[in-house]
Structure formats: structure tokens, C-alpha cells
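Worksheet: the structure to be examined is printed underneath.
Chains as they are written, first to last, in our numbering: chain C, 293 to 635; chain R, 73 to 306.
Laid out in C-alpha cells, this is it:
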């Protein structure tokens with residue numbers, strides 16, 4: 293298909309969004325146009341009689357708001373020990389920190405740190421570990437390989453995303469469509485179950501693991517007339533520039549639907565793909581994580597039976613207000629409740 | 073190419089960089105007003121309302137109690153917060169907000185099931201005083217009951233706590249109830265708390281220049297007053 297000037301411009305923008313998508317949760321620096329900004333951490337003086345919490349984290353400025361609030365919230369009652377994790381880190385970092393600080397709890401920031409910690413645990417099958425709290429990991433519920441762990445998912449629940457969208461537009465949001473690969477089936481099912489309490493019905497269409505743009509277009513054509521809104525998962529395999537350009541956009545151009553995404557870069561006036569991005573408020577995430585850790589301390593540093601991964605509570609929103617006005621009945625009185633209006 | 077770089081930068085900022093620490097120091101020539109109040113508005117929108125009402129004043133809206141506890145280090149000219157929050161941080165209000173002739177407002181518990189203040193076991197609340205102090209604050213409002221408190225930094229997060237079933241009830245000023253209930257299809261129960269309620273927003277000038285703002289506060293526009301739950305100052 294020949295690209296028009298407009299679709300070429302979209303491709304460039306979508307490439308940027310896809311890069312953002314790839315970086316939003318993992319610590320890969322290779323796909324970044326330049327190395328992300330960093331920050332520094334300082335280990336506090338150990339206080340007698342204080343339990344310690346070891347926080348394993350990349351020194352990437354994007355995680356700093358969560359780290360700062362977590363440290364601020366915990367430090368009055370716990371020694372919070374930051375342990376930087378870099379591209380070159382090995383499982384030895386965990387062994388060293390455990391030997392030096394005997395933490396009652398560990399906090400793992402991002403996918404890469406979590407995977408490294410899982411490898412460390414796997415290398416010591418007989419050893420017991422303190423509870424681990426996983427933060428800023430994409431689709432954290434899919435991680436079942438970290439023993440004795442809990443955490444807070446990175447992705448904002450459909451429940452919160454869709455009810456927030458409802459508060460901004462007059463168009464009914466009752467049936468929400470989602471296209472997913474097989475590996476996301478359980479996640480979609482859990483999210484659909486959670487969303488029922490707000491009378492949101494999920495209509496899911498599964499596509500092959502190696503879904504092409506055409507597969508996405510076909511799935512979308514099945515969905516478009518049956519749903520009030522779309523929910524787009526943070527699945528990079530379905531968000532390549534080609535998938536967006538040839539899979540998602542043609543159907544959305546034909547029939548605009550309020551489209552919920554988890555990446556702000558997908559909501560721009562140039563792209564007109566996502567209508568509404570919902571992402572965790574990274575500062576508030578630190579407060580929520582601190583509450584979780586204080587609860588663990590209250591329970592003698594034992595994970596309660598059946599504990600799972602929490603959903604992030606506090607969100608930041610980006611709305612394509614122009615598109616919402618044109619197609620979905622934007623409620624003007626709510627403008628001040630939107631974190632960012634799409635540019 | 074330049075355009076693409078800009079878009080990438082913008083997208084990354086949106087993805088990862090949110091609130092962190094205190095805001096930068098404003099223009100030294102201007103008065104600085106620090107606001108620590110919570111409404112459904114985003115901090116930036118509330119800040120704009122104050123700035124529109126107070127030309128020439130740099131307005132910083134804080135959302136975290138920890139940041140507010142360090143507000144002195146920013147050398148503010150004036151501060152607005154709930155009266156008990158000002159007092160708890162060592163600031164004596166010189167102007168008290170009133171609503172319907174009262175300097176305080178009623179708080180309620182909002183829950184998905186019927187609860188009793190004396191026995192509710194977990195309560196969400198916007199953290200205005202700090203984690204430990206909030207436990208006492210909540211306990212006082214509940215007549216001595218000491219539930220587990222889940223602190224949040226935004227009013228809208230209280231609804232999220234109920235939607236996700238994280239707490240039995242949330243604690244909030246009665247005036248915010250209709251705004252929250254209109255944003256959910258959950259059937260919510262309102263339990264009004266007995267007692268004197270909680271002090272409304274109050275004003276503290278912390279510099280000689282800040283004293284000049286006192287007069288301006290008497291003339292804040294009604295939309296701003298409504299947003300912060302006040303109809304007059306004394």
C-alpha cells in the first residue's frame with residue numbers, strides 16, 4: 293500500500309510511540325534514542341532496632357518518583373536500603389545485599405530487576421526468602437516465578453480506566469472490546485471480571501501469537517460494531533508501527549471509538565489512535581507500595597494466604613479532548629480533572 | 073527529525089516522569105503561595121484557578137503531606153491548607169474559611185456495604201498529616217475506633233479504593249460525596265460522622281509580603297471558593 297504524506301507522518305509518530313511503549317516498563321536502554329536521565333541514591337545509616345527493606349532498582353529517572361515517595365513513606369519506621377541494579381548487575385548483587393542487610397522485605401523495581409531476582413531465587417532452591425514486592429513490572433500478574441512475592445501491577449486496570457473515561461464523555465461505555473494474544477487470555481479474563489462491578493462488559497477477540505496487521509484489522513472489524521469503546525493492551529507485538537497503521541487505524545478512521553491505551557505517546561492529535569491514556573501516578577505508587585509494606589510488617593513479614601498483585605490506585609490521564617469533543621460528547625466541566633490534554 | 077525527537081521526548085515524559093519532590097523555586101520577585109488542599113481537580117488546574125484569582129502570585133499546589141511538612145524550606149510567602157493541618161505543622165492561621173457560617177465541615181464514611189464508625193476495620197483517607205498522624209486523625213473522627221488506614225494522595229483515589237475493594241470505607245468531607253458517587257455505578261452507603269467535623273481551609277502568611285495576600289483572599293472568586301469548600305473568610 294502506498295503511503296500518503298499523512299500516513300508517513302503517522303508512521304514517524306507511531307514509531308516514537310512504539311519506542312516509548314518498549315521503554316515504559318523495562319529497563320532496556322538499547323531502544324532509546326539516548327540514555328535516559330539517571331539519579332543517585334544514598335544508603336541511610338542503619339538504626340538499631342529498625343527492620344530494613346532492600347530496594348533493588350535501576351537508577352533511571354523514570355523510576356525516581358516512586359523511589360522518592362517509597363523512601364519518604366517508609367524511612368520514619370524502617371531502614372530503606374537502595375541497591376542499584378544496572379545492565380551489568382548479576383545475581384551476586386542480591387547475595388551481597390542479603391548478607392549485609394538481612395532485609396525483612398525486598399522491593400524489586402521493573403521487569404529486568406524482577407527477572408534477575410527470579411534467577412537468584414532459582415539458583416538457591418532450598419533457601420527461603422523474605423517477601424518480595426514487585427513494582428513497575430509490566431503485566432506483573434504474569435510473573436509466577438518469584439517465590440513469596442506480591443506487588444502492584446504497572447498497567448492500570450480496565451475497571452479504573454473505563455470508569456475514568458466514562459466520567460469524561462457522554463457516550464455510553466458499557467461494552468469494551470479488546471484484541472489480545474493467547475498469552476494475555478488470563479489477564480483479560482481477570483480484568484473483565486473486575487470490571488463487572490462497574491457494569492462494564494468485555495468483548496474479547498483472540499489473535500494468533502504472531503498476529504499480523506491484517507489479523508488485527510480482521511479482529512477489529514468483528515469488534516467495532518459490537519462495542520462502545522476499545523481497550524488496547526500494552527502488548528508491543530500488536531503495537532508495531534505496521535500494526536497500528538495497517539491494523540488498527542483503518543477501522544478506527546472508519547468508525548471512531550473511544551480507545552483506551554496504556555501509553556501516553558499513543559494519544560496525540562497527529563496519530564488519532566488512542567483517545568485516552570491511563571497510566572499509574574508514579575509518585576502515588578510509592579505511597580501505595582509503602583502501605584503494602586507496612587501491612588507486611590504488621591503481619592510479621594509474612595505474606596497472607598492467597599495474596600495477589602494489587603492494581604495501581606492512583607492514575608494520570610491523557611485525553612484527546614479535540615477528538616472527544618468531535619465524537620464522544622466531552623463533558624467540558626471535567627477538563628480540570630484531566631492530567632494532560634493531548635497535544 | 074527534530075519533530076520526531078520532540079515527540080519521543082514528550083512521550084517519555086508522559087510515560088515515566090510524574091511528581092517528584094517539591095516544585096522548583098518560583099520567580100523571586102513574585103509572591104509565592106503554597107496550597108495544600110485536595111479536590112477532584114488535578115493540581116495544575118487548581119493552581120491555575122488560584123493564579124487567575126491572584127495575579128502576580130506564584131502558586132504551588134502540593135498533594136503529599138510529606139511535601140507540605142517541608143514547605144518551610146521553600147520560604148513561602150503564604151500558605152493555605154485545612155486549619156488543623158496548618159496548626160499541626162506549626163502555622164497559626166490568620167484567616168479562617170467559613171461555609172454556611174461554620175468554620176468546619178462534616179465528614180462521612182462512604183462504603184459499598186453498611187458500616188459503623190465504631191467498628192469499621194479499614195478506612196481510606198487522603199493523607200493530610202502524615203501516615204502515623206492520619207491514624208490518630210481518623211480515630212478521632214471515628215470516636216476512638218482505630219481501623220487500618222490506607223492513605224492516598226488524591227481525592228479521586230478514594231473511589232478507586234472502593235472500586236478495587238481495598239478498604240471497607242473511605243473518609244471524606246460530605247461535600248465531595250455527590251461528585252464521587254456520580255462517577256461510579258457502585259451502590260454506595262453514606263454514614264455521617266458525629267462530632268465537630270474538620271476545620272475548613274485557612275490562610276497563613278509567612279512573610280511580611282505574604283500579609284498583602286490576606287486582603288486578596290477576601291475577594292476570591294466564587295468558583296474558586298466553591299472548589300475549596302469555603303464561602304467567606306474571617
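Positions of the beta carbon are idealized from the N, C-alpha and C atoms, including for glycine.
Open item on the list: When you compare the CB positions of residue 576 of chain C and residue 521 of chain C, do they come within less than 8 Å of one another, or not?
Closed with: One-based indexing of the first chain puts residue 576 of chain C at position 284. One-based indexing of the first chain puts residue 521 of chain C at position 229. Result no, Cβ atoms of residue 576 of chain C and residue 521 of chain C do not sit closer than 8 Å.
Open item on the list: Less than 8 Å between the C-beta atoms of residue 150 of chain R and residue 165 of chain R, yes or no?
Closed with: Within the second chain, the letter at position 78 stands for residue 150 of chain R. Within the second chain, the letter at position 93 stands for residue 165 of chain R. No, Cβ-Cβ distance for residue 150 of chain R and residue 165 of chain R is not below 8 Å.
- [ ] Take the Cβ of residue 379 of chain C as the centre, count every other Cβ of all protein chains shown within 10 Å, and call the residue buried at 16 or more, exposed below.
- [x] What you label residue 379 of chain C is simply residue 87 of the first chain in a count that begins at 1. Residue 379 of chain C should be labelled exposed.
Open item on the list: Beta-carbon within less than 8 Å of residue 313 of chain C's beta-carbon, same chain only, minus the 5 sequence neighbours each way: which residues are those?
Closed with: Here residue 313 of chain C is taken as the residue at index 21 of the first chain, counted from 1. Residue placement at residue 313 of chain C is flagged as unreliable, the pLDDT there being 43, under the threshold of 50; the coordinate-derived value follows with that caveat. The residues are 526, 528, 531, 555, 557, 558.
TODO: Can you grab the Cα-Cα spacing for the pair residue 507 of chain C / residue 542 of chain C, in whole Å?
DONE: Along the first chain, read from residue 1 onward, the residue named residue 507 of chain C stands at position 215. Along the first chain, read from residue 1 onward, the residue named residue 542 of chain C stands at position 250. As the crow flies, the alpha-carbon of residue 507 of chain C is around 13 Å from that of residue 542 of chain C.
Task: Contact residues within the segment 448 to 466 of chain C, judged by C-beta distance below 9 Å to chain R - done: From the segment 448 to 466 of chain C, only 449, 451, 452, 455, 456, 458, 459 have a Cβ closer than 9 Å to chain R.
Open item on the list: Using a Cβ-Cβ distance cut-off of 8 Å, determine whether residue 613 of chain C contacts chain R.
Closed with: Taking the first residue of the first chain as position 1, residue 613 of chain C is located at position 321. Any Cβ of chain R closer than 8 Å to the Cβ of residue 613 of chain C would place that residue at the interface, and such an atom is absent.
Open item on the list: Pairs of beta-carbons, one from the segment 257 to 276 of chain R and one from the segment 128 to 137 of chain R, closer than 8 Å: are there three or more?
Closed with: No, they do not touch.
- [ ] Determine whether the Cβ of residue 193 of chain R lies closer than 8 Å to any Cβ atom of chain C.
- [x] As a working note, residue 193 of chain R is residue 121 in the second chain. So no, residue 193 of chain R is outside the interface.
TODO: Note down, in chain order, all residues in the segment 253 to 277 of chain R with a beta-carbon under 7 Å from any beta-carbon belonging to chain C.
DONE: Those would be 255, 256, 257, 258, in chain order.
Open item on the list: With the cut-off set at 8 Å, would you say residue 277 of chain R and residue 302 of chain R are in Cβ contact?
Closed with: To locate residue 277 of chain R, count along the second chain from 1; it is residue 205. To locate residue 302 of chain R, count along the second chain from 1; it is residue 230. Taking 8 Å as the Cβ cut-off, residue 277 of chain R and residue 302 of chain R do not qualify as a contacting pair.
Open item on the list: Would you say residue 628 of chain C lies against chain R (beta-carbon separation less than 8 Å)?
Closed with: Counted from its first residue, the first chain places residue 628 of chain C at position 336. Residue 628 of chain C counts as touching chain R.
TODO: Take the Cβ of residue 472 of chain C as the centre, count every other Cβ of all protein chains shown within 10 Å, and call the residue buried at 16 or more, exposed below.
DONE: Position 180 of the first chain holds residue 472 of chain C. Residue 472 of chain C comes out buried.
Open item on the list: Going residue by residue through the segment 516 to 575 of chain C, where are the continuous alpha helix (DSSP H) segments of at least 4 residues, counting only ones entirely within it?
Closed with: Here the runs fully enclosed are 541 to 546.
- [ ] Let me know if residue 604 of chain C comes out buried or exposed under the rule of 16 or more other beta-carbons within 10 Å of its beta-carbon.
- [x] Reading the first chain from its first residue, position 312 is the one you call residue 604 of chain C. Sixteen is the threshold: when 16 or more other Cβ atoms of the shown chains lie within 10 Å of the Cβ of residue 604 of chain C, as they do, the residue is buried.
Task: Residue interval of the alpha helix (DSSP H) (run including residue 357 of chain C) - done: Walking along the first chain from the start, residue 357 of chain C turns up at place 65. Membership of residue 357 of chain C in the alpha helix (DSSP H) is indicated by the continuous run 356 to 366.
Task: Simplified DSSP assignment, three categories, for residue 472 of chain C - done: Within the first chain, numbered from 1, the residue matching residue 472 of chain C stands at position 180. Residue 472 of chain C: strand per DSSP, three-state reduction.
Task: Where residue 238 of chain R falls, given that 16 or more other Cβ within 10 Å makes a residue buried - done: Counting from one through the second chain, the residue named residue 238 of chain R turns up at place 166. By the Cβ neighbour-count rule, residue 238 of chain R is buried, with 16 or more other Cβ atoms within 10 Å of its own.
- [ ] Check whether the Cβ atoms of residue 442 of chain C and residue 574 of chain C lie closer than 8 Å to each other.
- [x] Along the first chain, read from residue 1 onward, the residue named residue 442 of chain C stands at position 150. Along the first chain, read from residue 1 onward, the residue named residue 574 of chain C stands at position 282. Cβ atoms of residue 442 of chain C and residue 574 of chain C: not closer than 8 Å.
- [ ] Starting from residue 620 of chain C, trace the alpha helix (DSSP H) both ways and give me its first and last residue.
- [x] As a first step, residue 620 of chain C must be located in the first chain, where it is residue number 328. Taken as a continuous stretch (DSSP letters only), residue 620 of chain C belongs to no alpha helix (DSSP H), as it is neither H nor E.
Task: Within-8 Å CB hit, residue 138 of chain R to chain C - done: Numbered from its first residue, the second chain carries residue 138 of chain R at position 66. Nearest CB-CB separation between residue 138 of chain R and chain C: below the 8 Å threshold.
- [ ] Go ahead and pull the three-state DSSP assignment for residue 407 of chain C.
- [x] For the purposes of this step, residue 407 of chain C is identified with residue 115 of the first chain, where counting begins at 1. The three-state secondary structure of residue 407 of chain C, taken from DSSP, is helix.
Task: Contact under 8 Å by Cβ, residue 167 of chain R with residue 305 of chain R - done: Here residue 167 of chain R corresponds to residue number 95 of the second chain, with the count starting at 1. Here residue 305 of chain R corresponds to residue number 233 of the second chain, with the count starting at 1. Yes. Within cutoff.
Task: 7 Å CB neighbourhood of residue 211 of chain R in its chain, flanking five on each side removed - done: For this step, residue 211 of chain R is matched to residue 139 along the second chain. Sequence-distant Cβ neighbours of residue 211 of chain R in its own chain, meaning closer than 7 Å and more than five residues away, are 217, 218.
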